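Residue numbers (this note's numbering), protein chains in the order written: chain A, 357 to 470; chain B, 11 to 124. Heads up, the beta-carbon is just placed ideally off N, CA and C, and yes, glycines get one too. Quantities reported herein were computed from a predicted structural model and do not represent experimental measurements. Written out below as structure tokens is the structure these notes cover.
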């Protein structure tokens, strides 16, 4: 079965650079979530989208932005990167009309800022 | 504010020992409850979920969890752990009528000794 696909798997950037992370949800899933997981920490909710509109916002820094496109894939854009942005970034998708639908997570993008 | 508490941050067990991981949530309304597992270097995978009905739910790999509404708890159990169960376990809550922002606990890191 198709799963959530994230790219790239690994990304190394320098401070003050920009990065773009991509997420392709499970087919027919209309909701995408972004989570940030620092080393040894629990996943922290960043932002979510439903039908290409921002649905909810968590602890996403102003330096980050995200959007969902017409094909439901989503991109997380990160600018002015800081060392503390080094983390595993997970994307998850679900089908909103199925209220009991669990999140399906991608493999994550490991971002290292040097 | 809604929160999820996992009491044990690190648990070390020998193979064949029984496991119980605690999870308590603070939300007065109806919730959907989940346990996710994250094997080293991998993404979050769904172990089991509860949204209604029998408060004892069975998941994959021999795991089960019991929802006790009066205690706001959703503890994860396994009668006999295996070395391959070494992973981090996250409890999560999603209020079905609220935002679509899943709230995760801080995780419990389980190490099973062979």
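8 Å Cβ cut-off: residues of chain B touching residue i
i: residue 442 of chain A; result: None at all; the shortest Cβ gap to chain B is about 16 Å.
i: residue 464 of chain A; result: 53
i: residue 420 of chain A; result: In chain order: nothing, as chain B lies at least about 16 Å away.
Backbone CA spacing between residue i and residue j [nearest angstrom]
i: residue 27 of chain B; j: residue 71 of chain B; result: 15 Å
i: residue 14 of chain B; j: residue 113 of chain B; result: 7 Å
i: residue 77 of chain B; j: residue 20 of chain B; result: 22 Å
i: residue 396 of chain A; j: residue 121 of chain B; result: 14 Å
i: residue 404 of chain A; j: residue 61 of chain B; result: 22 Å
i: residue 25 of chain B; j: residue 119 of chain B; result: 15 Å
i: residue 123 of chain B; j: residue 465 of chain A; result: 30 Å
i: residue 68 of chain B; j: residue 410 of chain A; result: 34 Å
i: residue 388 of chain A; j: residue 52 of chain B; result: 19 Å
i: residue 463 of chain A; j: residue 439 of chain A; result: 22 Å
i: residue 424 of chain A; j: residue 407 of chain A; result: 8 Å
i: residue 358 of chain A; j: residue 391 of chain A; result: 20 Å
i: residue 361 of chain A; j: residue 459 of chain A; result: 13 Å
i: residue 417 of chain A; j: residue 372 of chain A; result: 14 Å
i: residue 363 of chain A; j: residue 50 of chain B; result: 19 Å
i: residue 64 of chain B; j: residue 79 of chain B; result: 12 Å
CB contact check: residue i to chain B, cutoff 8 Å
i: residue 458 of chain A; result: yes
i: residue 398 of chain A; result: yes
i: residue 404 of chain A; result: yes
i: residue 401 of chain A; result: yes
i: residue 414 of chain A; result: yes
Minimum Cβ-Cβ distance from residue i to chain A less than 8 Å
i: residue 111 of chain B; result: yes
i: residue 148 of chain B; result: Because chain B in this structure spans residues 11 to 124, residue 148 of chain B falls outside the shown range and cannot be described.
i: residue 40 of chain B; result: no
i: residue 100 of chain B; result: yes
i: residue 59 of chain B; result: yes
Sequence-distant residues of the same chain with beta carbon closer than 7 Å to residue i, five excluded per side
i: residue 442 of chain A; result: 467, 468 and 469
i: residue 85 of chain B; result: 30, 31, 32, 33, 75 and 76
i: residue 461 of chain A; result: 360, 446 and 448
i: residue 92 of chain B; result: 25 and 122
Contact list for residue i against chain C, beta-carbon separation under 8 Å
i: residue 425 of chain A; result: Absent here is chain C; the protein component of the structure consists of chains A and B.
Cβ neighbours of residue i in the same chain (closer than 6 Å, five flanking residues each side left out)
i: residue 44 of chain B; result: 59 and 102
i: residue 2 of chain B; result: Past the boundaries of the shown model lies residue 2 of chain B; chain B is included only from 11 to 124, so the question cannot be answered.
i: residue 433 of chain A; result: 376 and 421
i: residue 82 of chain B; result: 34 and 35
i: residue 369 of chain A; result: 375, 437 and 469
i: residue 89 of chain B; result: 28
i: residue 9 of chain B; result: The shown model of chain B, from 11 to 124, leaves out residue 9 of chain B, and the question about it has no answer.
Chain-ordered chain B contacts of residue i [CB-CB under 9 Å]
i: residue 446 of chain A; result: 53 and 54
Per-residue contacts from residue i into chain A (C-beta, under 8 Å)
i: residue 116 of chain B; result: 397 and 398
Within chain A, partners of residue i - CB distance below 9 Å
i: residue 44 of chain B; result: 458 and 459
Check: residue i C-beta below 7 Å from any heavy atom of the ligand GTP
i: residue 94 of chain B; result: With respect to the ligand GTP, the structure offers nothing, as it holds no ligand at all.
8 Å CB neighbourhood of residue i in its chain, flanking five on each side removed
i: residue 393 of chain A; result: 399, 400, 443, 444, 445, 446 and 464
i: residue 95 of chain B; result: 29, 71, 88, 120 and 122
TODO: Spell out a yes or no on whether the stretch 380-395 of chain A and the stretch 421-437 of chain A are touching, meaning 3 or more CB-CB pairs, one atom from each, closer than 8 Å.
DONE: Result yes; three or more Cβ-Cβ pairs closer than 8 Å.
Task: the stretch 83-102 of chain B contacting the stretch 23-41 of chain B, beta-carbon criterion three pairs below 8 Å - done: yes
Open item on the list: Under 8 Å: do the stretch 363-380 of chain A and the stretch 445-465 of chain A share three or more Cβ pairs, one atom per stretch?
Closed with: Touching, yes.
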